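The block underneath contains the structure these notes are about, expressed in structure tokens.
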Amino acid sequence: MPDIVMHAVMGNKVRKRLGLDLNDELFRFGLLGPDPFLYCWPKYNHYSSIMHRQRSGDFLFELAGRSRSKDTFSYLCGFLCHYALDSRTHPYIISLANSVCPDKKQAVFMHIAIEHRLDRDCGGRTAIPPFPSTSIRRAFEGSIEKVYGWKDTWKKLKAGYWHIKPFYAIIRDRYGVVNKVLSPFKGSPAMVSAKSKVCDSLDLSGFYPLLDSSVEDAVEFIKCAERFVKGNADAEEFRTVIGDRSYI
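Quick note on numbering: my numbering labels position 20 of the sequence shown as 44, and the sequence is numbered without any gaps.
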């Protein structure tokens, strides 16, 4: 899936289109979607995959129904951007990685390398937003428990979040050490390093029309969410517009 930098780039495009008064930090945290769960303890890191694959529309509907405050609505808007970008572009990245690396294990590393390349090409910088205040906790936990039945997810989300920074410190590979050490190994695990140039010759031009489409999707999603929160759109309209896409 696109990485933090590309999600931030896309989110900025959406905000410029909408001009909404949002809490910036909560919007940026929402751009992470369910990804922080990926970095949680092994017992719970599958939460991210499940949320990307299953009942996405139900979760977004529940979250929107709890988004009458500015803080929670800001988080919802960021999350809708994450949903829009991943669902539009992730199939393309997976297909490209698999076409270059028929071996599934190598394709996983190639997927990461493509993400690094996209981040470099857009000239962005990895900026991890701060973990939010408890103002959105009730809405977040209530929505997840209603849809997935999981409890105490705020604590698990926070645990995952605190593993993000050390992970990115490693894969940014400022001095190229990870790339140098892992390059000799079979399966090209060095592709986890942002310094890897393995996919520099790939044609990624097909990504950018999908990025543009994801911006259009997110604008439509957020406008509908705003109407829904204000009582100007019913549940059926919201569910129809948002859909129920797998975004992994």
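No residue lacks a Cβ here, since even glycine has one placed at the ideal position from N, Cα and C.
The model shown is predicted, which means the values in this text are computed figures rather than measured ones.
Within 10 angstroms of its Cβ, does valine 38 collect 16 or more other Cβ (buried), or is it exposed? By 1-based counting over the sequence shown, the position of residue 38 is 14. Valine 38 comes out buried.
Which two residues bound the contiguous alpha helix (DSSP H) that contains glycine 35? Within the sequence shown, the letter at position 11 stands for residue 35. Annotation for glycine 35: the continuous alpha helix (DSSP H) segment containing it runs 28-42.
Quick one: Cα of glutamine 130 to Cα of phenylalanine 155, how far? In the sequence shown, counting from the first residue as 1, residue 130 sits at position 106. In the sequence shown, counting from the first residue as 1, residue 155 sits at position 131. Roughly 33 Å separates the two Cα atoms.
Where does the unbroken alpha helix (DSSP H) through asparagine 47 begin, and where does it stop? Walking along the sequence shown from the start, residue 47 turns up at place 23. From DSSP, asparagine 47 is part of no alpha helix (DSSP H); its letter is neither H nor E.
Residue nearest to lysine 189 in terms of C-alpha spacing, selected from Ser73, Cys64, Glu49: Taking the sequence shown and counting its residues from 1, the one referred to as residue 189 is at position 165. Comparing alpha carbon positions, the residue from Ser73, Cys64, Glu49 closest to lysine 189 is Cys64.
Would you please state the rounded distance, in angstroms, between the beta carbons of glycine 81 and aspartate 258? I believe it to be under 8 Å. Residue numbering aside, residue 81 sits at position 57 when the sequence shown is read from its first letter. Residue numbering aside, residue 258 sits at position 234 when the sequence shown is read from its first letter. So it is not a contact: roughly 15 Å between Cβ atoms.
Determine the extent of the alpha helix (DSSP H) in which glycine 89 is found, giving its start and end residues. In the sequence shown, the residue the question calls residue 89 occupies position 65. Run containing glycine 89: 80-89, per the alpha helix (DSSP H) assignment.
Pick from His187, Lys221, Trp186: whose alpha carbon is nearest that of valine 202? On the sequence shown, residue 202 is found 178 positions in, with the first residue counted as 1. Considering only alpha carbons, the answer is Lys221.
With a threshold of 8 Å on Cβ separation, who are the neighbours of leucine 44 within its own chain once the five nearest residues in sequence on each side are excluded? Position 20 of the sequence shown, counted from the first residue, corresponds to residue 44. If we look at leucine 44 and ignore the five residues flanking it on each side, its Cβ neighbours are Cys101, Ile246, Glu250.
How should asparagine 256 be labelled, buried or exposed, when 16 other C-beta atoms within 10 angstroms of its C-beta is the threshold for buried? Working through the sequence shown from its first residue, we reach residue 256 at position 232. Counting other Cβ atoms within 10 Å of its Cβ, asparagine 256 stays below 16 and is therefore classed as exposed.
Could you work out which residue in His135, Phe231, Lys175, Leu104 is closest to glycine 57 when comparing CA atoms only? For the purposes of this step, residue 57 is identified with residue 33 of the sequence shown, where counting begins at 1. The option with the nearest alpha carbon to glycine 57 is Leu104.
Between the CA atoms of phenylalanine 83 and proline 208 - distance to the nearest angstrom: For this step, residue 208 is matched to residue 184 along the sequence shown. For this step, residue 83 is matched to residue 59 along the sequence shown. The straight-line gap from Cα to Cα measures roughly 43 Å.
So which of Asp241, Gly148, Leu234, Thr158 has the shortest CA-CA distance to arginine 196? What you label residue 196 is simply residue 172 of the sequence shown in a count that begins at 1. Nearest of Asp241, Gly148, Leu234, Thr158 to arginine 196, Cα basis: Gly148.
Would DSSP call phenylalanine 209 helix, strand or coil? On the sequence shown, residue 209 is found 185 positions in, with the first residue counted as 1. DSSP places phenylalanine 209 in coil when its eight states are reduced to three.
In terms of residues, what are the limits of the alpha helix (DSSP H) holding methionine 75? Here residue 75 refers to the residue found at position 51 when the sequence shown is read from its first residue. Methionine 75 -> alpha helix (DSSP H) spans 70-77.
Give the DSSP-derived three-state secondary structure of valine 222 in the structure shown. Here residue 222 is taken as the residue at index 198 of the sequence shown, counted from 1. Coil at valine 222, not helix or strand.
Aspartate 59 burial status per 10 Å Cβ neighbour count (16 or more: buried): Taking the first residue of the sequence shown as 1, we reach residue 59 at position 35. In the assembly as shown, aspartate 59 is a buried residue. Its beta-carbon has 16 or more other beta-carbons within 10 Å.
Among the residues of its own chain, which have a CB less than 8 Å from the CB of lysine 94, if the five just before and after it don't count? Counted from its first residue, the sequence shown places residue 94 at position 70. Taken in chain order, the residues that qualify are Asp45, Leu46, Asn47.
Could you compute how far the alpha carbon of tyrosine 68 sits from the alpha carbon of glycine 184? The residue you call residue 68 lines up with position 44 of the sequence shown. The residue you call residue 184 lines up with position 160 of the sequence shown. Between tyrosine 68 and glycine 184, the C-alpha separation is close to 9 Å.
Pop quiz: leucine 142 and leucine 228 are said to be a contact at Cβ under 8 Å. What is the actual Cβ separation, rounded to whole angstroms? Looking up residue 142 in the sequence shown gives position 118. Looking up residue 228 in the sequence shown gives position 204. The Cβ separation is near 7 Å, so the contact holds.
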